[in-house]
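Data first, discussion second: the structure below is written as structure tokens.
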Amino acid sequence: MSAATVARPGPSLSSLVRGGGAVWVVVAVMVVWLSAVRGGGFWSTGNLAALLSGAVVLGLVALGQHIVVLTGGIDLSVGSMVTLTSLLTAVLINGYPIRTVPVVVAIVLIGALMGGINGSLVSIAGLPPFIVTLGMLYLVSGVALTVSPTPDGRVTSALTGFATSTFGPVPAPFLVLLASVVVIWALLTRTAWGRHVFAVGGDQHAARAVGIGTTSVLMRAYVVSGTLAGLAGVLLAARTAIGSPTAGTGLELSAITAVVIGGTSLLGGRGSLLGTMGGVALLSLITNSITLLQFPSTLTDLIRGLIIIAAVAVFVVKRKE
Amino acid sequence: MTNIAFSRRGHSRTIATCLGVAALVAVAGCSTEQEGSAPQASAEDCLNADEAQAAYQSSWSSVAEAFELEDFQPTDEQVCQVDTATWKAEPKQGDSYRVAFAAQGPTNSWGVLSDEALRYHADELGVDVLYAAANGDATTQVDNIQQLASQNPDAMVVVPMGDGISGQVKAAVDQGIPVVLCSGVLPSSSGAVSTVTRQYDLLGSAYAEWIAKKLDGKGKVAILSGLAGVPTAEYQKAAAETTFEKYPDIEVVTTQYTEWSPTVAKTVAQNLIASYPDLDAIWSDSGYGALGVAQAYEEAGKPVPPITGDAINDFILATDGKDVQYALSTFPPEMSSTCLDTALGLVKGEPVLDKVYIDSPSFTDADGATYARKDCDGGLLVPSSAPEPLLTELKMCKA
Chain A
10 MSAATVARPG PSLSSLVRGG GAVWVVVAVM VVWLSAVRGG GFWSTGNLAA
60 LLSGAVVLGL VALGQHIVVL TGGIDLSVGS MVTLTSLLTA VLINGYPIRT
110 VPVVVAIVLI GALMGGINGS LVSIAGLPPF IVTLGMLYLV SGVALTVSPT
160 PDGRVTSALT GFATSTFGPV PAPFLVLLAS VVVIWALLTR TAWGRHVFAV
210 GGDQHAARAV GIGTTSVLMR AYVVSGTLAG LAGVLLAART AIGSPTAGTG
260 LELSAITAVV IGGTSLLGGR GSLLGTMGGV ALLSLITNSI TLLQFPSTLT
310 DLIRGLIIIA AVAVFVVKRK E
Chain B
15 MTNIAFSRRG HSRTIATCLG VAALVAVAGC STEQEGSAPQ ASAEDCLNAD
65 EAQAAYQSSW SSVAEAFELE DFQPTDEQVC QVDTATWKAE PKQGDSYRVA
115 FAAQGPTNSW GVLSDEALRY HADELGVDVL YAAANGDATT QVDNIQQLAS
165 QNPDAMVVVP MGDGISGQVK AAVDQGIPVV LCSGVLPSSS GAVSTVTRQY
215 DLLGSAYAEW IAKKLDGKGK VAILSGLAGV PTAEYQKAAA ETTFEKYPDI
265 EVVTTQYTEW SPTVAKTVAQ NLIASYPDLD AIWSDSGYGA LGVAQAYEEA
315 GKPVPPITGD AINDFILATD GKDVQYALST FPPEMSSTCL DTALGLVKGE
365 PVLDKVYIDS PSFTDADGAT YARKDCDGGL LVPSSAPEPL LTELKMCKA
């Protein structure tokens, strides 16, 4: 045992990739680099709060996307769900304090319902997730523009106060993200459903053959994704104070990016929450550093594109090994 | 049996959830006490009101004169002078002021010139600029404003990408940073100290009034707006619709979006030609939209109906010498330099208005040829008040 322990090499790149640690190495390198270049500016309370606040909505959506991708699916509708739920939050509350709690609960449930529709079409009707959620993206965007083509409604001071309050450099909404990560981690690692998510994503036919209720597993995955999108919509509305029919545009691609660079396989069945959160951290750091270092904004998409291709290339190579 | 049981449980859950959501929404809808809006300044609080009001009204009268509109009245707007004593301060770092610029970003020629005009003017004034681009996205801009505010600039200029940034602007103002809105508006609840812009209401309604005058108050009109859900497009469209409602014999037969792209506008116009061959005029909010329309009608061998838009050089050059009736105005990107001046005025304690409405040239096809710039890029809004060296440096015009 001793010999085996001595002979055992340190964590290889492939295990680092699979465990989601590789992206955190990149994050650490970026933090060291930013500290060296803009130490005071980067570590200032205000910048840290901006960095963490910016990660909340993307983090919640990426959590949902992570679960759906683990099942071998994809959810292209999360961005439009965030748009609609954010708009509805502001429109329904519209400055009435007594509406805050019921509307927030209702909005999260509406997110779950939209996820349920996705889940039904994928798991019961057997339609391809890409097509179902692409259709849902357009449908929900259309509903949002029907609700209001212009920015409308406003949230209460209680919600905006929550969005801007901090504990030291840590914004209160970031604690919601942390709590969500813990809950999703527990669901994935401590429940039968969590194990079934991996099994269904690995091989749906084999999972069904051993008695796993794949319909239920898939349905719940999309419901969780929708619920998290609803929660993200509420927090986005709280941050922006009013509703906008274009608020969540493009979030679905950022969420997929975070999941992919975190090492989760788009084929399903393999991935780590740690990696996905590392992906969120990396994307947030890239955005933060562009402004902090006064780089041309056109570099944001360029850097993001390079990182995705590099990450996927490393992942595919290591998976083949 | 398992499937049936699952299905029943699923139905029950769905019904229960729907009922729960309905009950919560119903409870929410029954509430009656609303938090107050930000208080508007009363006439007595309004500093230097007469002079400020005159500056506002002149931006409307110049358009009325250019389009020969007889009864074109400004919308109700109270313009006052800001009490700059609140914001007067020495530079927070070093000897020169640092102004944060939350920009749209170089997503099109308008964005490029907006960015560069502010930078150019900042260099002239010896002001440091902290820059962040939203690339047209309001959510990104929320992050940008928070991050720029964390660097504690002396003042901030924001090109608003949507009302969704209001909360973050308010947070920056509450932090003691005077914020100047540039080339756009936000609700008063944002707390922005001053707004420098060309008025959406003015452009939207002036174009509509010109069309109504051309048609003698009777005819079929198509509205071609920019992007659905984007305030710049929606507010102008709303102003046009309100104006057309005053003319009962003008029928708005369709409203379409061109994405401010000549290619999309051309496709939209081809459908218009097929569906509404008897269209009398087209209200367009952009020169790119008007350009696509002109190309489509030309290819179809039909006369271009009277059309509006912003004064893109390409459109004027493309219609030069042709029998196309148009009314154009501009939403000048170089107003960003005035935004910078306003921000500096605040921190230097100089007189500043809470709303600075930019007046820029408006003209019709009668004068169009005099504004065409054959030596410049097609995307340039003409006439441009941006410095010629800057236009040359950006390769928008030849030296």
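For the record, the sequence lines run as chains A and B.
If you want the numbering used here, it's the 1-based position in the first sequence plus 9.
If you want the numbering used here, it's the 1-based position in the second sequence plus 14.
Every residue, glycine too, gets a C-beta built ideally from N, C-alpha and C.
The model shown is predicted, which means the values in this text are computed figures rather than measured ones.
- Message: Here's the rule I'm using: 16 or more other beta-carbon atoms within 10 Å means buried, otherwise exposed. How should B/Q107 be labelled?
- Response: By the neighbour-count definition (other C-beta atoms within 10 Å, threshold 16), B/Q107 is an exposed residue.
- Have a look at A/Q303 and B/K228 and give me their C-alpha separation to the nearest angstrom. If I take the Cα positions, the gap works out to 49 Å.
- Message: DSSP three-state label for B/C411, please.
- Response: Strand.
- Would you please verify whether the beta carbon of B/S164 is less than 8 Å from any beta carbon of chain A? So, interface residue.
- Query: Considering A/I270, what are the terminal residues of the alpha helix (DSSP H) in which it resides?
  - Reply: For A/I270, the enclosing alpha helix (DSSP H) starts and ends at 260-270.
- Query: Is the CB-CB distance between B/V187 and B/A169 below 8 Å?
  - Reply: At the C-beta level, B/V187 and B/A169 stay beyond 8 Å of one another.
- With a cut-off of 8 Å on the beta carbons, I'd call B/G178 and A/S253 a contact; round off their distance for me. Confirmed, about 4 Å.
- Query: To which residues of the same chain is B/A283 closer than 7 Å at the C-beta, ignoring the five residues directly before and after it?
  - Reply: Shown here for B/A283: same chain residues with a beta carbon closer than 7 Å to its own, the five before and five after excluded, namely G306, V307, A310, Y311 in chain order.
- With a cut-off of 8 Å on the beta carbons, I'd call A/A230 and A/G128 a contact; round off their distance for me. A/A230 to A/G128, Cβ: 7 Å. Contact.
- Mind checking the region 237-259 of chain B against chain A and listing, in chain order, the residues whose C-beta falls within less than 8 Å of any C-beta there? Of all residues in the region 237-259 of chain B, A242, G243, V244, P245, E248, Y249, A252 have a Cβ within less than 8 Å of some Cβ in chain A.
- Task: Identify the contact partners of A/S253 in chain B, using a Cβ-Cβ distance below 8 Å as the criterion.
- Result: A152, G176, D177, G178, G243, listed in chain order.
- Message: Can you list, in chain order, the residues of its chain with a C-beta nearer than 8 Å to that of B/Y70? Leave out the 5 residues immediately preceding and following it.
- Response: Within the same chain, P88, E91, V93, K369, Y371 come within 8 Å of B/Y70 by CB-CB distance, once the 5 residues on both sides are set aside.
- Going by Cα to Cα distance, which pick from A/G162, A/G48, A/L61, A/V41 is closest to A/L292? Ranking the options by Cα distance to A/L292, first place goes to A/L61.
- Query: Whose C-alpha, out of B/D389, B/T211, B/P347, B/G392, is nearest the C-alpha of B/A400?
  - Reply: Distances from the alpha-carbon of B/A400 to those of B/D389, B/T211, B/P347, B/G392 put B/P347 closest.
- What does B/L144 pair with, by DSSP beta-bridge criteria? DSSP lists B/A114 as partners of B/L144.
- Task: In the DSSP assignment, find the beta strand (DSSP E) that holds B/D324 and state where it starts and stops.
- Result: Judged by DSSP secondary structure, B/D324 falls within the beta strand (DSSP E) whose first and last residues are 321-324.
- Task: Could you spell out where the alpha helix (DSSP H) holding B/W124 opens and where it closes?
- Result: Start and end: 123-139.
- Task: Give the residues of chain A in contact with B/Y145, contact being defined as C-beta atoms less than 7 Å apart.
- Result: What B/Y145 touches in chain A: Q303.
- For A/S183, I'd like the list of residues in its chain whose CB is within less than 6 Å of its CB, leaving aside the five on either flank, ordered along the chain. The identity of residue 183 of chain A in the sequence shown is Phe, whereas the question assumes Ser. Taken in chain order, the residues that qualify are L61, V65.
- Query: Taking any Cβ of chain B, which residues in the region 106-121 of chain A have a Cβ under 8 Å from it, in chain order?
  - Reply: Residues passing the 8 Å Cβ filter: P106, I107, R108, P111, V112, V114, A115, L118, I119, A121.
- In three-state terms, what does DSSP make of B/W274? Judged by DSSP in its simplified three-state form, B/W274 adopts coil rather than helix or strand.
- Query: If we ignore side chains and look at the alpha-carbon of each, how far apart do B/P276 and B/G303 end up?
  - Reply: Their Cα atoms are separated by approximately 5 Å.
- For B/F233, which residues from the same chain have a beta carbon less than 7 Å from its beta carbon, with the 5 sequence-adjacent residues on both sides left out? It should be noted that the sequence gives Gly, not Phe, for residue 233 of chain B. Contacts found: I264, D294, A295.
- Task: Compare the C-alpha of B/E255 against each of B/E273, B/L286, B/D215, B/V278 and name the closest.
- Result: That would be B/D215, whose Cα lies nearest to the Cα of B/E255.
- Message: Quick check: is the beta carbon of B/I18 nearer than 8 Å to any beta carbon in chain A?
- Response: Any answer about B/I18 is weak, because its pLDDT of 46 lies below 50 and its placement is not dependable; what the coordinates show is given next. Not an interface residue.
- Message: Per DSSP, what are the beta-bridge partners of A/P180 in this structure?
- Response: According to DSSP, A/P180 bridges with A/T175.
- In the region 44-63 of chain A, which residues sit with their C-beta less than 9 Å from some C-beta in chain B, listed in chain order? Only those residues of the region 44-63 of chain A whose C-beta falls short of 9 Å from the nearest C-beta of chain B are listed: G50, S53, T54, G55, N56, L57, A58, A59, L60, S62, G63.
- Message: With a threshold of 8 Å between beta-carbons, can B/Q161 be considered close to chain A, or not?
- Response: So yes, B/Q161 belongs to the interface.
- Task: On the DSSP bridge assignment, give the partners of B/S239 in chain order.
- Result: Residue pairing by DSSP puts B/S239 in a beta bridge opposite B/Y271.
- So, A/I265 versus A/I76, is the Cβ gap smaller than 8 Å? Taking a C-beta distance under 8 Å as the contact criterion, A/I265 and A/I76 do not qualify as a contact pair.
- Any Cβ of chain A within less than 8 Å of the Cβ of B/D157? Among the CB atoms of chain A, one or more fall inside 8 Å of the CB of B/D157.
- Message: Among B/N285, B/I287, B/A247, whose alpha-carbon lies nearest the alpha-carbon of B/D324?
- Response: When only C-alpha atoms are compared, the closest one is B/A247.
- Item | 8 Å Cβ cut-off: residues of chain B touching A/N127 | Those do not exist, as A/N127 stays about 14 Å from chain B at its closest Cβ, beyond 8 Å.
- Message: Taking the straight line between their C-alpha atoms, what separation do you get for B/V193 and B/V77?
- Response: Distance between the alpha carbons of B/V193 and B/V77: 29 Å.
- Item | C-alpha gap between B/D355 and B/K362, whole angstroms | When rounded, the distance between both Cα atoms is 10 Å.
- Message: Measuring alpha carbon to alpha carbon, tell me which residue in B/K412, B/L408, B/V199 is nearest B/S123.
- Response: Looking at the Cα atoms, B/L408 is the closest of the given residues.
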